[in-house]
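Undergrad: Protein chains in written order, with the working numbering: chain A, 1 to 280; chain B, 281 to 560.
Ideal Cβ placement from N, Cα and C applies to all residues, glycine included.
Handing you a structure now.
Number of protein chains: 2
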Amino acid sequence: MWTLEDNHVVELEQGIDRALQFGDGLFETIRVVNGKPVLWSAHMERLQKGLVALNIPASMEALESAVFSQLETLLESTGLSNAVLKLIVSRGNSQRGYSYSEDITPFLYVYLSKPLETYTEALEKGVSVKMCDTQCSIQPKLAGLKHLNRIENVLARAEVVGYQAEEQDVFEGLMINYLGHVVEGTMSNVFLKLKGQWVTPELDISGVAGVARQWAIEWFQQNNKTLVIRHVSQEELNDCQSGFICNSQMGFVPIAKLNNQNLELPDVMLDLQSAWMNQE
Amino acid sequence: MWTLEDNHVVELEQGIDRALQFGDGLFETIRVVNGKPVLWSAHMERLQKGLVALNIPASMEALESAVFSQLETLLESTGLSNAVLKLIVSRGNSQRGYSYSEDITPFLYVYLSKPLETYTEALEKGVSVKMCDTQCSIQPKLAGLKHLNRIENVLARAEVVGYQAEEQDVFEGLMINYLGHVVEGTMSNVFLKLKGQWVTPELDISGVAGVARQWAIEWFQQNNKTLVIRHVSQEELNDCQSGFICNSQMGFVPIAKLNNQNLELPDVMLDLQSAWMNQE
């Protein structure tokens, strides 16, 4: 295939990146604290699951060592010790069609960004959460994975923050799927206390299984607190007592308002937050 | 954000392409015959629908004129007169998050490839079609659009052709969604004769509304032939009399075998194919 670069026709013998063509790949966004990636093995476990599901034959060992070496150089050069590390793994280059050859070589992209501001007030007092109009797709084969097909998150996020958002004080939006299940936030997972019981949505047909979500599931287990993983219907939100959202960058943020209804601060919040801070 | 290029740390002030990060964009694959793009206005209509749905503020006029000028240069330089023109429109560059600023500038990528071989035998005798395990996602906001979130098509296509495919003589695979609706082929739309009536799946919650599909819908209308657009359940395939698949590159290809069951050649096939050939 051919394209124009700086007004010159160039032949692209290897084709072009399938991440660009089809979102054909995976990503991870990893928190770096004091020069160390936090929950590294959980991120690598999810990435590996994704590579298997997409049949991308990248060696985890080679990937990890490439990331570590690039991370070291990036940290040193930027002088950052707290940062956000973003990895993209693409299936590689191909011609224009969906099919690809057996010898296709995956790509790794490594990016370093400045860390998020710390949400001191949000972590303490909680945030306002609304429902999004944009749904999570129902796609059993890709559910749970952090793959690059994320237009729905982009559209949902634009309902919540940015120049298109209607309200200014909303922090996150919850997404349902076509069956009316509450799945997750636009950039977070959600835990809800429903009729006295902690619940987090089952992500078998929709959603991204976040690393912080997995960490919290294990925290509930280790602390002998009951947590049920199941589908949650939108109607159940009317009986929601308290809740929190989480992702690996911001940690665990209480929901103070859900659809303009005030919620109680979660009973588990302080313990969970302090355990999270301590594992860094 | 920073990355390594040729072992040097570079700062990416504008961030990176959101098509690469999130599949945040659209594409079109257009047949070029005798130097002219076929069904140009139908492709541009679908692209425009997608730009509106994704809220990408690209001017269609500027896009079309950029494509035409680049196409001319590419055809001249490669000496091709029949070709495949692939356009990708990305929302543009941003930092790592889902949100983006109001002043983000969309990108246009233009690629030219050699044309497909003509499927003389397939067009005449028909092809074998099976069911794919990979489903079409249910996502009402994106259904019908030719957006860049196409991992499911990639995975489904790999079930049909390429080194991972189990059978060698299968030409296309049909995809169902989570509700058990037959939606489309991995790279085509489908028309089925069910209990004596021509039907094509409604694409309101899943699938890509192909330009050839739209052309055929209008052909049925103009020729006073009944065609019903509705959801089709997988069970209905047991009563399928004949069928065909289509896309803008290959035209209209009869289904000779559906899940190893022989089908009759479609009654409309020759008329449809000759009308299609004549519009080029």
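1) For A:F22 and chain B, any beta-carbon pair shorter than 8 Å?
2) Does the beta carbon of B:Q444 come closer than 8 Å to any beta carbon on chain A?
3) For B:L388 and B:L365, what's the separation of their Cα atoms in angstroms?
4) Can you grab the Cα-Cα spacing for the pair B:I456 / A:V211, in whole Å?
5) Applying the 10 Å Cβ sphere with the 16-neighbour rule, what's the burial state of B:G305?
6) So with Cβ pairs under 8 Å, would you call B:I431 a contact of chain A?
7) For B:K410, count the other beta carbons within 10 Å of its own beta carbon; 16 or more makes it buried, fewer makes it exposed. Which is it?
8) If you measure from the beta carbon of B:M467 to each beta carbon in chain A, is any gap under 8 Å?
9) Say whether chain B places a C-beta atom closer than 8 Å to the C-beta of A:P106.
10) Can you give me the Cβ contacts of A:G180 inside the same chain, cut-off strictly under 7 Å, excluding the 5 residues immediately before and after it?
11) Taking CB distances under 8 Å as the criterion, tell me whether B:E285 reaches chain A.
12) Which stretch, first to last residue, makes up the beta strand (DSSP E) that contains B:L454?
13) Given this structure, state the Cα-to-Cα distance separating B:G442 from B:D449, to the nearest angstrom.
14) Would you mind listing the alpha helix (DSSP H) stretches within the stretch 208-267 of chain A that are 4+ residues and don't spill past its ends, in chain order?
15) Which class does B:E447 belong to by DSSP, given the choice of helix, strand or coil?
16) In terms of DSSP beta bridges, what is B:D297 paired with?
17) With which residues is A:R46 paired in a DSSP beta bridge?
18) Taking B:D551 as the reference, give the member of B:V533, B:Q541 and B:Q529 with the closest Cα.
19) List the residues of chain B that A:A19 touches, going by C-beta distances under 7 Å, in chain order.
20) Output, in sequence order along the chain, the residues in the stretch 467-499 of chain B whose CB is closer than 7 Å to any CB in chain A.
21) Please say whether B:E432 and B:S417 have beta carbons closer to each other than 8 Å?
22) If you measure from the beta carbon of A:H43 to each beta carbon in chain B, is any gap under 8 Å?
23) Can you tell me whether DSSP reads A:Q197 as helix, strand or coil?
24) Should the stretch 186-202 of chain A be regarded as contacting the stretch 351-368 of chain B, the criterion being three or more beta carbon pairs within less than 8 Å?
25) Excluding the 5 residues preceding and the 5 following B:Q310 in the sequence, name in chain order all residues of the same chain whose CB lies nearer than 6 Å to its CB.
TA: This is what the structure gives:
1) yes
2) yes
3) 13 Å
4) 30 Å
5) buried
6) yes
7) buried
8) yes
9) no
10) S233 and Q234
11) no
12) V450 to I456
13) 11 Å
14) 211-222
15) coil
16) B:N373
17) For A:R46, which the question treats as bridged, DSSP gives no partner whatsoever.
18) B:V533
19) L300
20) M467 and I485
21) yes
22) no
23) strand
24) no
25) The displayed chain sequence assigns Ile, not Gln, to residue 310 of chain B. Contacts found: P317, H323 and L365.
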